[in-house]
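So that you can map any letter, position 117 of the sequence shown is 120 in this note's numbering, and since no number is skipped, the others follow by simple counting.
The structure appears below as structure tokens.
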Amino acid sequence: MYAVQQDLVDRFGATELIQLTDRTNIPPSTIDGVVVGRALADADGVIDGYIGKQFKLPLNVVPPVLVKVAADLARYYLHGEAAEKDSIVSRNFAAAISWLKDVSKGLVLIEEEGETPEQAGGGAIKTSAPNRVFTRDKLRGF
4 MYAVQQDLVD RFGATELIQL TDRTNIPPST IDGVVVGRAL ADADGVIDGY
54 IGKQFKLPLN VVPPVLVKVA ADLARYYLHG EAAEKDSIVS RNFAAAISWL
104 KDVSKGLVLI EEEGETPEQA GGGAIKTSAP NRVFTRDKLR GF
């Protein structure tokens, strides 16, 4: 799993999760772990579908950025049809999918196995050219 229930609580608050998941108590009073688990599993499936093109799954170490992406996807799934009415939830979902598409195309790198890729050299560019054949002095009078 890329994210767990506590990640959702930390990011979005227990109150929101209680309202989205408790379907048996009126008023809602507890977080339903089964409902949260289903949303997180759905998010994991989507993530695997995109990053599986670039990385061998399962990843040995889950990069923090994937925790955020999984949380945003799961939140969208928990909101269900109401997600389209909440601009923040739908915007975060769209951004997560867009980012995953970029990862699948190789445009964005994620830290696989906790290793940061080496940075490209930062040397200066040096150019050289032959002396000018036509100068102002040589062309004077033409």
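Note that beta-carbon positions come from the ideal geometry of N, C-alpha and C, so glycine has one too.
It should be emphasised that the depicted structure is a prediction, and the values quoted were computed from it without experimental measurement.
Whether residue i touches residue j by CB criterion (8 Å)
{"i": "ASP47", "j": "MET4", "result": "yes"}
{"i": "ALA99", "j": "LEU81", "result": "no"}
{"i": "LEU20", "j": "VAL7", "result": "no"}
{"i": "VAL70", "j": "ASP10", "result": "yes"}
{"i": "ARG78", "j": "PHE15", "result": "yes"}
{"i": "VAL39", "j": "THR24", "result": "yes"}
{"i": "SER107", "j": "LYS56", "result": "yes"}
{"i": "ILE113", "j": "VAL68", "result": "yes"}
Buried or exposed (CB count within 10 angstroms, at least 16 for buried), residue i
{"i": "ILE34", "result": "buried"}
{"i": "ILE151", "result": "It is not possible to answer for residue 151, since the shown part of the chain is limited to 4 through 145."}
{"i": "ASN28", "result": "exposed"}
{"i": "LEU60", "result": "exposed"}
{"i": "VAL37", "result": "exposed"}
{"i": "LEU110", "result": "exposed"}
{"i": "VAL64", "result": "exposed"}
{"i": "ALA73", "result": "buried"}
{"i": "ALA42", "result": "buried"}
N-terminal and C-terminal residue of the alpha helix (DSSP H) that residue i is part of
{"i": "TYR53", "result": "36-54"}
{"i": "VAL136", "result": "First-last for VAL136: undefined, no H or E at that position."}
{"i": "GLN9", "result": "8-15"}
{"i": "LEU76", "result": "67-82"}
Cutoff 8 Å: residue i Cβ touching any chain B Cβ
{"i": "MET4", "result": "Absent from the structure: chain B. Only one protein chain is present."}
> Fully enclosed by the stretch 85-114, which alpha helix (DSSP H) runs are 4 residues long or longer?
Replying inline: 90-107
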